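Below is one structure, written out as structure tokens, with a few remarks after it.
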Amino acid sequence: MKNPENVLYYMRSRLGLTQKQIAKATGLTEQDISRIENGADNPFIETFILLARYFNIPIDAFVHNNLKIALSSFTKPPQILHNNSKRIKAKRDKCDEIGHKGERYVYKEEFEKLRGTGHENAINPNFADNDESDFDILSFDLSGRAIIIEVKTTTGDESDPFYISANELNIAKQCIRNGKCYEIHRVHHINNPKKSGRVIITAEELFENFDFIPEIYKVVQKEKDK
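Per the working numbering, the sequence shown starts with residue 16, numbered consecutively.
Pasting the structure below:
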């Protein structure tokens, strides 16, 4: 998983841009963009100047790869995008409407939580449409610490079973190992405004309080002995 707190990756996902689009607009190469997103050191200050001008955020955010430096630059929330990505097709198939409703619900709840802190406009709901991310929203706590959020939505009760992919589980495990904050937001009764709500499950609670029952397997042909 790419680091969602990487400033360039965050900004690209926030605006729904491709590496090719950023490269074309800044004069950088796609390789430059990829290297920075993957955490490689970049010795050329001119690269960061170009990116800071393009995204209109402080250059120090890129120099130090510090997302908190960029937070105060956001004067309005991002436009919520729902691109027709591979992940959307695989993840939502027949549940597009319910999935989108749940993500919008969580986004609004997080926005209200952070209202007045200066972090509310930094919530990024557009990782859901990024094939590289395997999570839905990057939010923050009141101190500005990043929270990786996976939204699981149902029209039924909060206790209903939900489905999680191997990649999503791996992200939760990585966050525990790396001291990052990962949460599943279980949105229930999404079509009933009087009963709708959410339950927040931390990565630690996910592994301590829930059982995982395999139902779907990827089937591949065995390699023949040579």
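Think of the CB as a built atom: it goes at the ideal place given N, C-alpha and C, for glycine as much as any other residue.
Since we're looking at a predicted model, the values are computed, not measured.
Practice task
Pair every Cβ in the segment 161–176 with every Cβ in the segment 36–45, then say whether three or more of these pairs are closer than 8 Å.
Solution key: No contact exists between the segment 161–176 and the segment 36–45.
Handout entry: Through-space distance from E135 to R119, alpha-carbon basis
Key = Residue mapping note: residue 119 aligns to position 104 of the sequence shown, counting from 1. Residue mapping note: residue 135 aligns to position 120 of the sequence shown, counting from 1. If you take the alpha carbons of R119 and E135, they lie about 14 Å apart.
Problem - the segment 138–155 touching the segment 226–239, judged by at least three CB pairs closer than 8 Å - result: Contact between the segment 138–155 and the segment 226–239 is not established, with fewer than three Cβ pairs separated by less than 8 Å.
Practice task
Would you tell me roughly how many angstroms separate the C-alpha atoms of E61 and I51, rounded to the nearest one?
Solution key: Your numbering for residue 61 matches position 46 in the sequence shown. Your numbering for residue 51 matches position 36 in the sequence shown. Using only the alpha carbons, I get a separation of about 13 Å.
Practice task
Report the three-state DSSP secondary structure of K209 (helix, strand or coil).
Solution key: For the purposes of this step, residue 209 is identified with residue 194 of the sequence shown, where counting begins at 1. In this structure, K209 counts as coil in the three-state DSSP scheme.
Practice task
For A67, name the three-state secondary structure that DSSP assigns.
Solution key: Sequence index remark: in the sequence shown, residue 67 carries index 52 (1-based). Helix, per DSSP.
Exercise for the section: From the DSSP output, in three-state form, read off T62 for me. Expected result: Here residue 62 refers to the residue found at position 47 of the sequence shown. DSSP, reduced to helix, strand and coil, places T62 within a helical segment of the structure shown.
Problem - Opening and closing residue of the beta strand (DSSP E) in which V78 lies - result: Translated into the one-based positions of the sequence shown, residue 78 becomes position 63. Note, V78: premise wrong, no beta strand (DSSP E); alpha helix (DSSP H) at 74–78.
Exercise for the section: Give, in chain order, every unbroken run of the beta strand (DSSP E) that is at least 3 residues long and sits entirely within the segment 146–173. Expected result: Under the rule that a run must span 3 or more residues, the beta strand (DSSP E) segments found entirely inside the segment 146–173 read 152–155, 161–168.
Handout entry: Limits of the unbroken alpha helix (DSSP H) element including E52
Key = Working through the sequence shown from its first residue, we reach residue 52 at position 37. Counted as a single uninterrupted DSSP element, the alpha helix (DSSP H) harbouring E52 occupies residues 45–52.
Problem - Residue range of the alpha helix (DSSP H) that includes H203 - result: Locating residue 203 in the sequence shown gives position 188, counting from the first residue. Counting along the chain, H203 falls outside any alpha helix (DSSP H), though it belongs to the beta strand (DSSP E) covering 196–203.
Handout entry: Own chain partners of G159 with C-beta closer than 7 Å, once the 5 adjacent residues on each side are dropped
Key = Residue numbering aside, residue 159 sits at position 144 when the sequence shown is read from its first letter. Within its own chain, the residues whose Cβ lies closer than 7 Å to the Cβ of G159, once the five positions on either side in sequence are excluded, are K83, L86, H134, listed in chain order.
Problem - Neighbourhood of I205 by C-beta, 8 Å cutoff - its chain only, sequence neighbours within 5 removed - result: Against the sequence shown, residue 205 aligns to sequence position 190. Here I205 has I113, K116, G117, Y120, T168, T169, T170, S211 as same chain residues with Cβ atoms under 8 Å from its own Cβ, once five neighbours each way along the sequence are excluded.
Exercise for the section: Check whether the Cβ atoms of I216 and I199 lie closer than 9 Å to each other. Expected result: Here the question's residue 216 lines up with position 201 in the sequence shown. Here the question's residue 199 lines up with position 184 in the sequence shown. Judged by their CB atoms, I216 and I199 are nearer to each other than the 9 Å cut-off.
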